[in-house]
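Chains as they are written, first to last, in my numbering: chain A, 1 to 371; chain B, 1 to 371; chain C, 1 to 371; chain D, 1 to 371.
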């Protein structure tokens with residue numbers, strides 16, 4: 001059966017001078033195969049991924065794999081433990097506001113340089129192996145810098161060192177109050193149908209700092225450069241996704257089982273699970289390009305009832321939300337309605353009824369299509 | 001019809017040196033009758049009461065009252081506006097941790113002294129009127145103190161000045177994730193049946209700083225003292241309640257209508273609404289004494305699924321919650337169950353899945369009875 | 001020489017399910033003598049005490065003691081690590097606002113009952129020993145409660161178990177922006193002169209939840225009860241102090257040496273340090289009763305220059321602080337002065353220029369005397 | 001004399017649905033001249049600029065100007081009022097971590113397009129006027145977007161609308177614990193000597209979101225494009241600076257006078273103050289390019305004494321800071337020293353003794369020169 005290796009990786013030190021670490025669960029199959037990397041809770045309040053990993057572990061303890069699966073739950077020991085009131089302030093470093101999922105490494109110049117070093121006869125396997133090696137050196141050099149680096153970036157680079165060896169990378173997140181959705185790079189659109197996730201966002205080859213981008217952008221650019229150089233396509237077979245599995249601040253073991261199955265289905269299709277026959281559900285899947293995944297910012301402050309629930313489809317002009325203004329309770333300005341600016345699907349909304357002007361009220365699919 | 005007087009009361013100044021005020025909506029009936037005081041959102045994240053007041057105002061604009069109803073929504077302009085991450089840090093002053101609902105004034109010595117001043121022939125009405133007047137002087141003297149007072153206490157005393165004139169005081173709150181419940185002083189147990197609220201906590205004559213106590217404790221003690229002095233019962237007819245109307249951080253206009261009706265039902269029974277025939281719902285009501293309303297603190301840290309939902313009845317030993325420990329996902333210590341220590345009704349639970357040891361996990365009715 | 005025993009005491013678990021512990025440094029002398037307990041940083045931003053303990057340890061490694069000294073630096077591993085912006089939110093539990101230094105155990109009824117059990121012939125040593133034993137049972141019973149207890153209270157009780165065995169208890173704190181001051185129970189006024197601390201507050205026998213009170217109140221009450229019962233004085237020789245050693249959020253190794261020497265001077269006088277000849281400094285010491293240690297709350301919001309520095313003496317009417325109001329920069333209401341309400345010594349002030357109305361601006365000695 | 005026009009500009013609404021506004025003090029001289037824009041406290045804890053503006057207003061009330069001076073103190077009414085503990089959480093939006101000084105508008109494509117529209121005969125004045133007009137349209141179009149924008153960005157754009165008309169823009173900031181320093185765009189290096197500020201950072205033409213960049217980058221790029229097109233230099237005479245005037249969280253009226261004088265000296269040199277003869281101080285000024293203004297991140301967690309004070313020059317290997325580790329107080333690992341990685345001037349350091357690994361400990365000048 002699979003071997004399970006368990007370690008802890010030190011990623012930070014707290015103000016008491018104590019190490020803060022991340023648990024690593026590594027399953028190694030008896031047969032060779034792809035490498036898989038799955039992490040959860042880089043945003044501290046997005047905890048459901050830990051349950052998904054728990055369910056994956058139960059499965060992996062009893063079913064053989066080909067290759068290797070590395071599971072990293074609770075991958076942000078700082079962000080998971082910052083309480084501000086009863087909730088977890090998990091999206092950013094409370095000291096400086098840095099988003100915990102924006103400090104991964106990407107250097108276009110390095111990739112161009114590397115592509116230059118690839119000669120026409122080098123095998124895909126050799127390129128992959130060399131690229132990973134040089135990327136690891138790049139990462140290590142930054143981690144070793146004399147002037148140091150910020151906490152979030154340091155955490156990100158330590159995780160990226162683990163992830164960059166993988167062929168399939170899954171970063172498990174939650175939205176605020178949210179329905180299931182997934183970010184899929186455009187070059188592997190077909191993989192979107194391998195998950196049981198009804199809402200799909202297709203990502204361009206643009207790096208904004210997140211883990212999935214830090215995985216797919218380098219391989220994507222390298223693919224393009226080598227393809228163009230050789231005038232024939234090359235495929236490294238590396239894929240990376242961000243899965244948003246419902247709402248933050250809650251866990252459900254049952255939902256975790258569902259999402260674990262969805263991931264196992266994907267891994268089955270990719271040849272990681274030789275004895276599994278799991279097939280993706282026959283379900284409606286809506287997809288948008290990233291530029292059509294739009295944020296609606298409210299332009300007034302007040303107290304909000306979120307009428308449209310995550311997953312709801314609305315026609316232009318239908319009511320998304322109703323806002324109460326406590327200073328006008330006796331007049332017809334007591335309430336005002338926020339309307340859908342166009343046909344849309346509400347994917348997620350802000351988790352608190354109390355909003356200042358300029359709050360991200362909803363994120364919505366617009367100009368979406370059925371997949 | 002009723003007259004509506006609208007004002008704003010300054011209760012604080014912010015760091016920009018600007019006044020922060022509270023809106024007052026005062027309905028004055030054409031006929032005399034009791035005075036009613038209703039406030040909401042002293043805890044800034046508990047916003048549903050504002051919707052209830054909105055619904056009350058819609059009703060009061062078109063139905064005559066006897067006496068006066070003073071409505072004070074959003075009564076804490078500081079607490080309502082403190083964001084820490086996406087949620088509202090509304091239970092306590094972020095500077096010093098002071099609970100916004102614990103700084104009201106109560107002075108047993110003053111009440112004893114006042115009771116002493118009551119002679120045997122003084123009418124109930126005269127006693128009430130004198131007591132209110134002297135109480136207002138006590139409050140004003142504190143507000144005028146040369147050395148000043150803390151922000152929360154100052155806010156509390158300004159509100160208490162408004163509330164102390166009333167015969168019926170309702171303080172509208174929400175729990176974290178909560179079912180409806182109400183705090184009722186033991187001396188007016190029967191009033192519990194006048195609200196459409198299925199869970200009732202009976203309060204002793206003990207002051208802990210909250211508004212309802214600051215209302216009922218003085219009248220209760222005065223009643224006892226005068227009764228004992230005269231050897232015959234006296235009844236001032238003053239009642240005060242804290243209503244917990246579901247969960248914080250969300251609003252619902254529909255639920256607000258339900259709770260407004262519940263309050264109107266109470267006011268109908270008290271003779272404030274001459275044309276109303278609203279009757280309390282025929283429903284099951286469970287009640288406990290405050291000492292049997294117990295808090296379950298979790299003794300470990302971890303990530304929690306709240307299995308028991310607010311309102312659920314559990315037998316001793318049934319599972320309240322399941323805790324995930326991310327460091328033991330591969331062993332049978334991955335999860336552990338929190339069991340009901342005795343038969344209970346879960347009233348509310350903590351609103352975040354992430355908990356440190358010593359977190360208030362649940363508050364529960366134990367040794368409850370049907371009302 | 002002294003033996004040094006080092007352990008870690010688990011006091012909590014974080015949301016990752018990991019133990020949080022406190023380091024214990026226990027020096028045991030070759031000769032018998034009093035027991036000393038010193039802790040620091042129960043308020044997480046008050047870190048200078050850790051440096052003082054560091055300096056004490058350097059001394060204790062090379063100088064013999066009689067009895068035992070237990071040093072507990074960084075005694076609040078939760079509070080020390082809560083960042084909110086660049087500063088440490090260390091005074092209260094960020095989840096619920098509970099002050100980390102208000103949850104110690106004190107039960108007057110238990111002490112009365114215990115005093116009742118003391119017979120006329122029981123030796124002081126036997127009473128002390130029995131009282132400690134029963135107190136430990138009380139503490140343990142609370143720690144074992146089925147329904148659990150809050151995080152701050154649990155931490156407090158674990159520390160109180162360590163402290164209650166000691167004859168001399170020192171709780172090391174810092175003020176916001178502060179000069180050195182010390183809280184001394186009235187029954188050991190003379191001990192105030194044994195420290196090199198220029199400002200002294202004499203404490204009555206009233207319990208408000210802090211460690212020093214949780215130490216001296218029980219012994220004080222027991223002393224009074226037994227004395228009154230026997231009609232002759234008894235002295236248990238237990239003393240407890242809170243030392244405020246300058247400002248929070250900063251450390252200085254040099255100041256730490258000064259305060260360590262001050263504590264060693266006290267311990268010398270108490271017979272703990274047989275080879276030490278340290279003598280208290282000949283310095284001016286000002287003292288007040290607690291009721292004359294007054295807080296000045298500002299009654300407006302704005303931006304404040306703190307004119308009076310900690311330690312400054314002011315006459316009534318002199319300027320403590322100047323407030324800027326940004327909305328009136330062009331008029332003579334641009335600035336306003338906060339004046340001393342009476343003759344006073346400024347002991348500490350708020351650490352931020354930005355204040356809301358109702359902020360604790362200064363704490364001051366009034367009606368003080370030279371010691 | 002100068003006319004003083006005072007208004008308030010609404011920039012946001014809070015959760016109570018109330019407008020939050022910014023005071024504008026506009027001095028209009030009798031004679032024409034340059035336009036000056038000065039704002040302060042975009043970062044809410046950096047309050048000293050408000051005092052500087054107060055002092056400037058005192059001067060401008062009694063001394064004639066040429067042109068116009070617009071003063072905008074307390075320009076972030078949200079950030080100024082977010083308390084988290086005793087300090088002000090003023091650098092970023094507490095909801096999402098967005099830095100309040102990173103959302104200004106800059107669009108290179110638009111500037112290229114505009115440059116294209118400039119013909120060879122157009123006067124400098126006409127280009128300036130047209131560019132401002134079109135820029136205002138760009139800003140307004142974004143403010144009018146149907147889907148809205150985030151709170152910080154909205155605030156930034158409202159301020160940018162005010163600032164973009166000015167010839168001289170000064171953004172007043174403070175560092176954490178900091179000595180005076182100023183950011184100066186490389187194209188006006190000489191202006192660095194017009195302020196009484198001893199540390200100067202020269203900025204390249206790179207936009208990172210801050211106000212000064214949002215002012216100088218467009219003009220700088222436009223200058224380059226038109227100069228290159230016409231093959232002869234053009235000078236729009238627009239300058240923008242960020243002044244860091246000491247430490248956050250404190251104000252001093254005396255220091256405010258000093259910095260107001262420094263600004264008046266600059267404005268004198270620029271012809272805004274016809275009757276002023278103020279001359280820059282004869283002082284040592286050290287300067288670096290932005291790339292040599294380096295951040296030292298600490299690689300361990302612990303409690304820190306900041307040995308090097310802001311303004312101190314250190315040789316490579318000298319001690320910047322000493323770190324205490326509470327778990328090793330008995331060993332020689334109790335303290336460790338952070339050394340200067342090269343010759344440097346310490347400009348600012350972190351304001352709290354308690355640091356996690358990855359904290360920005362110091363910002364330093366390296367490879368600096370005397371100006």
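In this text, a Cβ means the ideal position worked out from N, Cα and C, and glycines have one as well.
Just so it is clear, the structure is predicted and the values come from calculations on it, not from any experiment.
Simplified DSSP assignment, three categories, for residue i
i, result
"residue 313 of chain A", "strand"
"residue 34 of chain A", "strand"
"residue 289 of chain B", "strand"
"residue 338 of chain C", "strand"
"residue 185 of chain D", "strand"
"residue 252 of chain C", "coil"
"residue 229 of chain A", "helix"
"residue 154 of chain A", "helix"
"residue 217 of chain D", "helix"
"residue 346 of chain D", "strand"
"residue 241 of chain B", "strand"
Within-7 Å CB hit, residue i to chain A
i, result
"residue 98 of chain C", "no"
"residue 196 of chain C", "no"
Cβ of residue i within 7 Å of any chain B Cβ
i, result
"residue 310 of chain C", "no"
"residue 152 of chain D", "no"
"residue 297 of chain C", "yes"
"residue 325 of chain C", "yes"
Below-7 Å beta-carbon distance, residue i vs any chain D residue
i, result
"residue 108 of chain C", "no"
"residue 345 of chain C", "no"
"residue 12 of chain B", "no"
"residue 95 of chain B", "yes"
"residue 330 of chain C", "yes"
Given residue i as reference, the closest of the options once Cα atoms are compared
i, options, result
"residue 85 of chain B", "A:91, A:230 and A:81", "A:91"
"residue 370 of chain A", "A:189, A:5, A:47 and A:341", "A:189"
"residue 346 of chain B", "B:14, B:5, B:360 and B:164", "B:360"
"residue 202 of chain A", "A:343, A:278, A:328 and A:291", "A:291"
"residue 54 of chain A", "B:326, B:362, B:363 and B:344", "B:326"
Bridge partners - residue i, DSSP secondary structure assignment
i, result
"residue 20 of chain D", "D:12"
Any chain C beta carbon closer than 7 Å to residue i
i, result
"residue 351 of chain B", "no"
Three or more C-beta pairs under 8 Å: does that hold for the segment 54-73 of chain B against the segment 252-271 of chain B? yes
Cβ contact (3+ pairs, closer than 8 Å) linking the segment 62-72 of chain B and the segment 97-109 of chain B: no
Are three or more beta carbon pairs between the segment 224-232 of chain B and the segment 318-330 of chain B nearer than 8 Å? no
Pairs of beta-carbons, one from the segment 326-336 of chain D and one from the segment 127-138 of chain A, closer than 8 Å: are there three or more? no
Give a yes or no on contact between the segment 10-29 of chain D and the segment 215-222 of chain D, applying the rule of three or more CB pairs nearer than 8 Å. no
Validate contact between the segment 234-249 of chain C and the segment 170-183 of chain C using beta carbons, cut 8 Å, 3 pairs: yes
Are the segment 23-43 of chain B and the segment 159-171 of chain B touching by the rule of at least three beta carbon pairs closer than 8 Å? yes
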